[in-house]
Amino acid sequence: AQRVTQPEKLLSVFKGAPVELKCNYSYSGSPELFWYVQYSRQRLQLLLRHISRESIKGFTADLNKGETSFHLKKPFAQEEDSAMYYCALSGKAGNTGKLIFGQGTTLQVKP
Amino acid sequence: GEEVAQTPKHLVRGEGQKAKLYCAPIKGHSYVFWYQQVLKNEFKFLISFQNENVFDETGMPKERFSAKCLPNSPCSLEIQATKLEDSAVYFCASSQRNVGDYGYTFGSGTRLTVV
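Line order of the protein sequences matches chains A and B. For the first sequence, the working numbering gives the first residue as 1225, with consecutive numbering after it. For the second sequence, the working numbering gives the first residue as 45, with consecutive numbering after it.
Here is the structure:
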């Protein structure tokens, strides 16, 4: 079954500390993975796609097929990074565009 | 426009009443998706459209829920005879092509409260 798991509901760090938001997935084929972010009172927006291998706002995420993970990392957290983060998966085979979301992790960056 | 526009922002219905939600995708986007988020938990996929055709409806409850995307009109999601458990935020998203290339652009959601 296709599934995305974000084990932490809340991650609280101090400004300047490294951040790692965990995401594990279960998918039998070749997945496409995404991170979405929702800042307070704003709409959900795309942060990263694994296929583009980009760094956005200092965040990176590497797909590890062996560990079936797609953890989101940032070396130095900023207060403006405080938001809700969702990991999501889309299957390539028979892709209908449907995304499967994890439960979300709230990142709280304290001053 | 460059935003996915969802209306209304908030909707309150008594149990048993009908609820109708609207979504205007970004111009030029062929795909529209509806998701339900209950109590800030996971997003549950409901249905997707490719232009006016249903693309994937595997998440739609068989009863009470229906959706349409007609040419030159906003897409709509309708819930007949609402129940308390339908209380949720309903998100619409649109995509230009295959989601793997671009991801989605989400609307700000419609908060449905059934009382």
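Just so you know, even glycine gets a beta-carbon here, dropped at the ideal spot from N, CA and C.
Against chain B, does residue i count as a neighbour if the rule is that its beta carbon must be under 9 Å from one of theirs?
i       : result
A/Q1269 : yes
A/G1321 : yes
A/Y1310 : yes
A/Y1249 : no
A/F1325 : yes
A/Q1332 : no
Just reading off the beta strand (DSSP E) that residue i is part of, what are its end residues?
i       : result
B/G147  : Note, B/G147: premise wrong, no beta strand (DSSP E); not H, not E.
B/H54   : H54 to R57
A/H1255 : At residue 1255 of chain A the sequence reads Pro, which differs from the His that was named. P1255 to Q1262 is the span of the beta strand (DSSP E), which, as asked, contains A/P1255.
A/M1308 : A1307 to G1315
B/C119  : C119 to I123
B/C67   : A63 to A68
B/L156  : T154 to V158
Near residue i, which residues of its chain fall below 6 Å by C-beta distance, leaving aside the five closest residues on each side in sequence?
i       : result
A/E1244 : H1295 and K1297
A/T1284 : K1297
B/C113  : V76, F93, E96 and C119
A/E1278 : none
A/L1234 : T1330
Answer with yes or no whether the minimum CB distance from residue i to chain A is below 9 Å.
i      : result
B/E86  : yes
B/T102 : yes
B/G72  : no
B/G153 : yes
B/T51  : no
B/Y134 : no
B/Y148 : yes
B/Y66  : no
B/F89  : yes
May I have the straight-line CA-CA distance separating residue i from residue j, to the nearest angstrom?
i       : j       : result
A/K1239 : A/S1293 : 25 Å
B/A137  : B/Y148  : 6 Å
A/S1236 : B/N97   : 44 Å
A/K1281 : A/P1299 : 11 Å
A/R1265 : B/F89   : 22 Å
B/G103  : B/Q61   : 22 Å
B/E107  : A/Q1302 : 46 Å
Got a sec? Which residues, its chain only, sit under 7 Å from residue i by beta carbon, not counting five neighbours each side?
i       : result
A/L1270 : F1258 and Y1260
Which same chain residues, not among the five before or five after residue i, have their C-beta less than 8 Å away from its C-beta?
i       : result
A/E1232 : L1245, K1246 and T1329
Which residue or residues does DSSP assign as beta-bridge partners of residue i?
i      : result
B/D100 : B/S92
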